[in-house]
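Under the working numbering, residue 584 is the last one in the sequence shown; the count climbs by one each step, no gaps.
Glycine included, each C-beta is placed from N, C-alpha and C at the ideal position.
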Amino acid sequence: MTLRIGNFSGFYGDRSDALREMLTGGEVDVLTGDYLAELTMLILARDRLKDPSAGYARTFLRQLEDTLGLAHEKGVRIVTNAGGLNPAGLADAVRALAGRLGLPMRVAHVEGDDLTARHPGSLAAHAYLGGFGIAECLRAGADVVVTGRVTDAALVTGPAAAHFGWKPTDHDRLAGAVVAGHVLECGAQATGGNYAFFAERDPRELRRPGFPLAEIHPDGSCVVTKHPGTGGFVDVGTVTAQLLYETGGARYAGPDVTTRLDTVRLTQDGPDRVRIEGVRGEVPPPTLKVGRNRLGGFRNEVVFVLTGLDIEAKAALVREQMSDALAASPPADVRWDLARTDRPDADTEETASALLRLVVRDPDQQKVGRVLSGAAIELALGGYPGFHVVAPPGKGSPYGVFEDVYVPQGDVDHVAVLDDGRRITVDPPQDTAVLDDVPPSAPPEPLPPGPTVRAPLGRVVGARSGDKGGNANVGVWARTDDAWRWLAHELTVERFRELIPEARELPVTRHALPRLRALNFVVEGILGEGVAAQARFDPQAKALGEWLRSRHADIPEVLL
25 MTLRIGNFSG FYGDRSDALR EMLTGGEVDV LTGDYLAELT MLILARDRLK DPSAGYARTF
85 LRQLEDTLGL AHEKGVRIVT NAGGLNPAGL ADAVRALAGR LGLPMRVAHV EGDDLTARHP
145 GSLAAHAYLG GFGIAECLRA GADVVVTGRV TDAALVTGPA AAHFGWKPTD HDRLAGAVVA
205 GHVLECGAQA TGGNYAFFAE RDPRELRRPG FPLAEIHPDG SCVVTKHPGT GGFVDVGTVT
265 AQLLYETGGA RYAGPDVTTR LDTVRLTQDG PDRVRIEGVR GEVPPPTLKV GRNRLGGFRN
325 EVVFVLTGLD IEAKAALVRE QMSDALAASP PADVRWDLAR TDRPDADTEE TASALLRLVV
385 RDPDQQKVGR VLSGAAIELA LGGYPGFHVV APPGKGSPYG VFEDVYVPQG DVDHVAVLDD
445 GRRITVDPPQ DTAVLDDVPP SAPPEPLPPG PTVRAPLGRV VGARSGDKGG NANVGVWART
505 DDAWRWLAHE LTVERFRELI PEARELPVTR HALPRLRALN FVVEGILGEG VAAQARFDPQ
565 AKALGEWLRS RHADIPEVLL
C-alpha cells in the first residue's frame with residue numbers, strides 16, 4: 025500500500041532533465057512538479073498581459089515532450105502547479121501534445137484559485153487551494169493533473185488522499201502528508217542542496233544532487249529518500265533544514281489541515297532514508313490565504329565602485345553630489361547602501377573596491393528615470409578618483425508588490441475539471457478553528473558552566489532561511505542534544521537582534537520546536553514589500569541564515 029511520490033521541480037527554472045531522471049532512476053507512482061513562488065506569479069501575470077493565452081510555465085511542456093510517453097509506459101501520474109494563472113490553457117496544451125504523440129492520456133485540471141476580478145488593481149490575486157481537487161481528478165482516472173495556485177504540499181496531499189481514500193477529517197494522516205510535501209516541494213534542498221554543513225561532504229557528492237521522493241504509508245507516516253545512484257544525500261539534517269524552510273510556529277496552517285510541526289519525529293532509517301512519523305493534525309483555519317500581486321511603481325539603481333583609499337569619504341562625496349538631482353524631484357523612496365567589500369593592501373583591483381548602491385522608487389517613472397541616471401553619469405569626470413559604475417543606469421523599470429489577504433474558505437469555488445469536461449465541486453471543510461499559537465514548552469536544562477571559545481555560530485548549528493511576502497524566517501537547528509541545550513538558552517530574540525542588526529527595530533518572533541532541536545525566527549518587514557520590490561541586497565532572505573551562522577558567539581568548548 026506504500027505510495028511513492030517524487031519531485032522533479034522545485035521552482036520555475038529548475039533542472040530540465042529532472043523529470044526524465046526521476047522516471048528512469050527507480051520505482052515511483054506519482055511525480056510532482058512545483059513551479060510557483062510569489063515572484064513567479066508576478067512573472068506569469070506580466071506574461072499574460074502580453075498574451076492572454078499565456079500565464080503558465082512553458083518549460084513544463086518542453087519537459088513533457090520527450091517524457092510523456094515514458095510516463096505513460098510506466099504508469100506514472102504527474103501532478104503539477106505549472107498551470108500558474110492559466111491551468112485550463114496548460115491542460116489543453118498537454119492534451120494537444122499527447123495527441124501529437126499518439127498517447128491516450130487523460131488530463132484534468134483544478135481551478136477556482138483565481139480571485140483577481142475581486143481585487144481591483146491587482147495583476148494577479150490567487151487563493152492557495154488544498155489537495156482535494158487534485159484527489160478528485162486522480163480518483164476519476166487522470167494521468168496528468170494541472171493546477172494553478174495550490175499550497176506546495178497539496179501536490180502530495182492530493183495524490184495521497186486519492187490513493188488511500190482519506191477523508192477531510194483524517195487530520196493526522198493529512199498532516200503527515202503535508203510534512204512529506206513540504207520536504208519534497210523544493211527538490212534538491214532535501215537531498216543536500218543549499219545545506220549548511222555541505223563542507224563536511226565530498227564535493228563530488230554534491231555536484232549534482234538527485235531529487236527526493238517519499239514513500240508514504242496509509243497512516244500518513246513516510247520515509248524520505250532518493251533514487252539509488254543519484255547525487256546528494258538524505259539525512260536527518262537535510263530533512264530538518266527543509267522542514268524549517270519558510271515556516272513559522274508550531275501550527276503550520278493549510279487549507280486542508282493545520283499541521284503540528286512540534287509533533288514531527290525524524291529518525292535515520294538507513295543510508296539516504298529518513299523516517300517521518302508521529303505528525304498530528306488539527307482542523308484547518310476558516311480562511312484561505314490569497315497572494316495578491318500588484319504594480320508597486322518604478323525603480324532604478326546605480327552601483328558606484330569605490331576603490332582603494334578613503335572609501336567613506338568617496339561615498340560621502342557621491343551622496344553630496346547626487347543630492348541636487350534627488351532634491352529637484354524627490355523620489356518617494358531613496359536608499360543608499362555601502363558594502364565594504366574592499367580589503368587593505370589588496371592584490372587585485374576588485375578586492376580593493378567597495379560598492380555604493382543607490383536605489384530609488386516612485387510611482388512616477390520620470391522621477392526614477394533618465395534625470396537621475398543622467399545625474400549619476402555626469403559625475404564621471406567630476407567625482408571621486410577612480411569613478412566608475414557596475415553598469416550604466418537605465419530609465420527605470422516597474423516593480424511588483426506582494427501582499428497577503430484572507431478570504432473565508434466558503435467564498436472560493438474549488439473545482440476539479442475532468443478530462444471529459446465534467447466539473448466536480450470540492451466542498452470547503454466543515455470544521456475549522458482560528459489559529460492560536462501553541463504555548464511555549466519548557467526549555468531544556470542548560471549546559472553546566474564551563475570554558476567557552478569565541479567562534480562562529482555555524483560551527484555548532486545549521487540554518488535555513490527564506491521569504492514570505494515582506495517577512496523572512498530563519499530556522500536554526502542543533503545536531504546534538506547538548507548543542508540544543510545551549511542553543512535554546514543562547515539564541516533569544518534579543519540575542520538574534522544583536523547578531524542581525526537589520527532586525528533590531530523590527531518585530532521578531534521566536535518559535536521553539538524541541539523535537540527538531542530547532543528554533544524558528546520570523547522577522548516581520550525585513551523584505552519590505554516582498555521579493556519583487558527588491559528592497560534589500562538579498563531580497564528573498566536566502567542567505568540570512570548563513571549570515572547568522574557566520575556571526576561569532578561564546579560557544580562552550582565541549583561543543584566544538
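From the DSSP output, which residues share a beta bridge with Ser2? Residue coverage of the chain in this structure runs from 25 to 584, which leaves residue 2 outside it and unanswerable.
Per-residue burial, Gln454 [other beta carbons within 10 Å of its own, 16 or more giving buried]: exposed
Supposed contact pair Tyr59 and Ala106 - C-beta distance, whole angstroms, cut 8 Å: 5 Å
Local conformation of His206 per DSSP, three classes: helix
For Phe32, write down the residues that DSSP places opposite it in a beta bridge. Partner(s): none; Phe32 has no beta bridge.
Per-residue burial, His206 [other beta carbons within 10 Å of its own, 16 or more giving buried]: buried
Go ahead and pull the three-state DSSP assignment for Arg228. helix
Asp435: buried (16+ other C-beta within 10 angstroms of its C-beta) or exposed? exposed
Contact defined as beta carbons within less than 8 Å: I believe Gly535 pairs with Ala274. What is the distance between those atoms, to the nearest angstrom? The sequence shown places His at residue 535, not Gly. Yes, they are in contact, since the Cβ atoms of His535 and Ala274 sit about 6 Å apart, within 8 Å.
For Asn377, is the classification buried or exposed, using 16 other Cβ atoms within 10 angstroms of its Cβ as the cut-off for buried? For clarity, residue 377 is Ser in the given sequence; the question names Asn instead. The residue in question, Ser377, is buried, as its Cβ has 16 or more Cβ neighbours within 10 Å.
Using a 10 Å radius around the Cβ and a threshold of 16 neighbouring Cβ atoms, would you call Ile102 buried or exposed? buried
In this structure, what does DSSP give as the bridge partners for Ile300? Cys246, Leu290
What residues match up with Pro432 in a beta bridge as DSSP calls it? Thr311
Any contact between the segment 34-50 and the segment 398-409? By contact I mean 3 or more CB pairs, one from each, below 8 Å. no
Per-residue DSSP class, three states only, for Glu135: strand
Tell me, please, which residues DSSP counts as bridged to Gly499. Arg488, Asn544
Three-state secondary structure (DSSP) of Glu344: helix
Roughly how many angstroms lie between the CA atoms of Gly494 and Leu27, to the nearest whole one? 37 Å
Does the Cβ of His133 have 16 or more other Cβ atoms within 10 Å, making it buried, or fewer, making it exposed? buried
Go through its chain and collect everything with a Cβ distance to Leu584's Cβ below 8 Å, but skip five positions before and after it. Val477, Ala479, Arg483, Val484
Starting from the C-beta of Arg343, find all residues in its chain whose C-beta is less than 7 Å away, skip the five residues before and the five after it, and write them out in chain order. Trp360
Taking only three categories from DSSP, how would you classify Leu92? helix
Measuring CB to CB, does Phe35 end up less than 7 Å from Leu43? no
Nearest-angstrom Cα distance between Gly113 and Tyr80? 8 Å
Closest by C-alpha distance to Lys419, when choosing among Gln390, Gly99, Asp286: Gln390
Is DSSP giving Ser377 helix, strand or coil here? strand
Between which two residues does the beta strand (DSSP E) carrying Gly157 extend? No beta strand (DSSP E) contains Gly157, which is instead part of the alpha helix (DSSP H) from 156-163.
Is His150 near Arg173, with beta carbons less than 7 Å apart? yes
I want to know whether the segment 294-301 touches the segment 520-528 - three or more CB-CB distances under 8 Å. no
Between the Cα of Gln433 and the Cα atoms of Ala184, Pro309, Gly256, Leu198, which residue gives the shortest distance? Pro309
Environment of Leu73 [buried if 16+ CB atoms lie within 10 Å]: exposed
From this set, Thr48, Gly126, Thr271, which residue's C-alpha is nearest Lys98's C-alpha? Thr48
Can you list, in chain order, the stretches of the beta strand (DSSP E) that have 3 or more residues and sit fully within the segment 65-131? 101-104
Can Pro111 and Val170 be called in contact, C-beta distance under 7 Å? yes
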